[in-house]
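Numbering (our numbering), first residue to last: 99 to 426.
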């Protein structure tokens with residue numbers, strides 16, 4: 099079979115602005131025809147990843163799905179879901195998109211090999227539940243499925259170690275919002291360059307999320323670590339305030355009612371021992387789109403690394419920020 103590599107040939111409706119590989123048209127079952135006026139009609143082979151969004155019908159996974167449709171990236175019509183999920187299908191908002199089959203944990207092992215056969219360029223995106231983080235990661239590792247892990251919680255050390263041992267490509271990050279990650283990166287570098295700069299200062303953190311988010315924000319945990327490395331004193335039991343009450347969120351933080359089910363308000367306050375100095379860092383996010391956009395950028399980043407056969411295989415969002423990706 100003859101393969102043709104195109105460096106500058108793009109189709110605005112199918113491929114987006116990414117280099118593509120093509121082969122002669124001979125498999126009508128799996129690949130859609132690329133409509134090209136200049137070149138001989140061919141079939142798309144491995145131009146773009148085929149993305150399996152796991153966690154539907156959850157709100158975060160639904161938002162990622164919408165961004166994938168907006169960017170015209172191929173979507174795999176299957177999604178890993180919870181065992182107690184009653185629905186068999188998720189119906190995307192766009193009427194022209196096919197329903198997505200929801201696979202419970204008890205079903206996935208019997209279906210995965212056929213899915214991988216039908217979608218050989220599959221990359222999984224995980225926005226499931228903290229309790230499922232490690233078991234889902236082991237599933238991806240067992241079947242050599244590259245993945246982007248956006249779900250927070252679980253045993254993070256085990257997650258990283260098992261992924262490294264499996265030798266598969268992955269992006270793991272507690273926050274996929276690139277602008278927030280940029281702030282994390284700055285604070286991480288401050289900790290490296292100015293250790294002790296906040297010696298004896300007290301750090302107090304307030305973080306507010308939707309009522310359904312049970313665990314402490316992973317972003318907050320990472321930023322807290324940076325401040326502690328800079329010498330700040332922090333005790334989770336005394337200095338962390340998690341707000342999950344919609345009443346408090348509206349009255350105290352003035353969060354609009356339509357965003358009570360999806361927001362992230364964080365304030366990090368550092369106070370000197372004599373209380374004469376106070377320094378605060380704050381980032382407030384309404385909605386989920388910032389995270390969905392970053393997640394899809396992470397998918398494209400990971401796909402590029404796979405195509406390059408990069409020796410490094412485990413990445414985070416700080417790595418993604420170093421790349422010039424669409425919509426940066």
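Using N, Cα and C, we set each Cβ at its ideal position, and we do this for glycine too.
Nothing here was measured: the structure is a model prediction, and the numbers come from that model.
Residues near residue i by beta carbon distance below 6 angstroms, same chain, minus five either side
i	result
residue 159	151, 153, 225
residue 316	250, 272
residue 359	308
residue 133	Bear in mind that the predicted position of residue 133 carries a pLDDT of just 37, short of 50, making it unreliable; the figure below should be weighed with that in mind. Contacts found: none.
residue 411	267
residue 386	158, 161, 360
residue 217	148, 174
Where residue i sits in the DSSP three-state scheme
i	result
residue 328	coil
residue 187	strand
residue 418	helix
residue 158	helix
residue 268	strand
residue 125	Confidence is the limiting factor: at residue 125 the pLDDT is only 39, short of 50, which leaves the residue's position unreliable, though a coordinate-based value still follows. Coil at residue 125, not helix or strand.
residue 382	strand
residue 387	helix
residue 309	coil
residue 341	strand
residue 314	coil
residue 408	coil
residue 224	strand
residue 285	helix
residue 249	coil
residue 396	helix
Straight-line gap, residue i to residue j (C-alpha atoms, nearest Å)
i	j	result
residue 428	residue 299	Only positions 99 to 426 of the chain appear in this structure, which leaves residue 428 out of reach.
residue 211	residue 364	42 angstroms
residue 369	residue 221	44 angstroms
residue 267	residue 421	16 angstroms
residue 276	residue 203	31 angstroms
residue 155	residue 167	16 angstroms
residue 274	residue 413	12 angstroms
residue 415	residue 398	12 angstroms
residue 227	residue 253	12 angstroms
residue 350	residue 380	15 angstroms
residue 325	residue 312	24 angstroms
residue 235	residue 378	36 angstroms
residue 215	residue 190	24 angstroms
residue 285	residue 417	16 angstroms
residue 229	residue 184	19 angstroms
residue 290	residue 269	23 angstroms
Check whether residue i and residue j have beta carbons under 8 angstroms apart
i	j	result
residue 401	residue 147	yes
residue 201	residue 241	no
residue 391	residue 174	no
residue 367	residue 302	yes
residue 328	residue 293	yes
residue 282	residue 320	yes
residue 383	residue 362	yes
residue 419	residue 280	yes
residue 287	residue 237	no
Nonlocal neighbours in the same chain, by C-beta distance under 8 angstroms from residue i, ignoring five residues either side
i	result
residue 209	176, 201
residue 135	Annotation note: pLDDT 35 at residue 135 (below 50); position unreliable, coordinate value reported separately. Correct list: empty, nothing qualifies.
residue 233	203
Heavy atom of the ligand GDP within 7 angstroms of residue i beta-carbon
i	result
residue 173	The ligand GDP is not part of this structure, which contains no ligands at all.
Other residues of its chain near residue i: CB distance less than 7 angstroms, five sequence neighbours each side excluded
i	result
residue 347	306, 341, 353, 358
residue 188	154, 155, 177, 197, 198, 200
residue 149	166, 171, 172, 173, 174, 221, 223, 397
residue 393	162, 223, 246, 248, 274
residue 262	412
residue 239	260, 261, 264, 266
Residue i, buried or exposed, once every other Cβ within 10 Å from all chains shown has been counted against 16
i	result
residue 186	exposed
residue 138	Unreliable positioning characterises residue 138 in this predicted model, as indicated by a pLDDT of 36, which lies under 50. A coordinate reading is not provided.
residue 403	buried
residue 259	exposed
residue 310	exposed
residue 163	buried
residue 192	exposed
residue 407	exposed
residue 256	exposed
residue 244	buried
residue 231	buried
residue 219	buried
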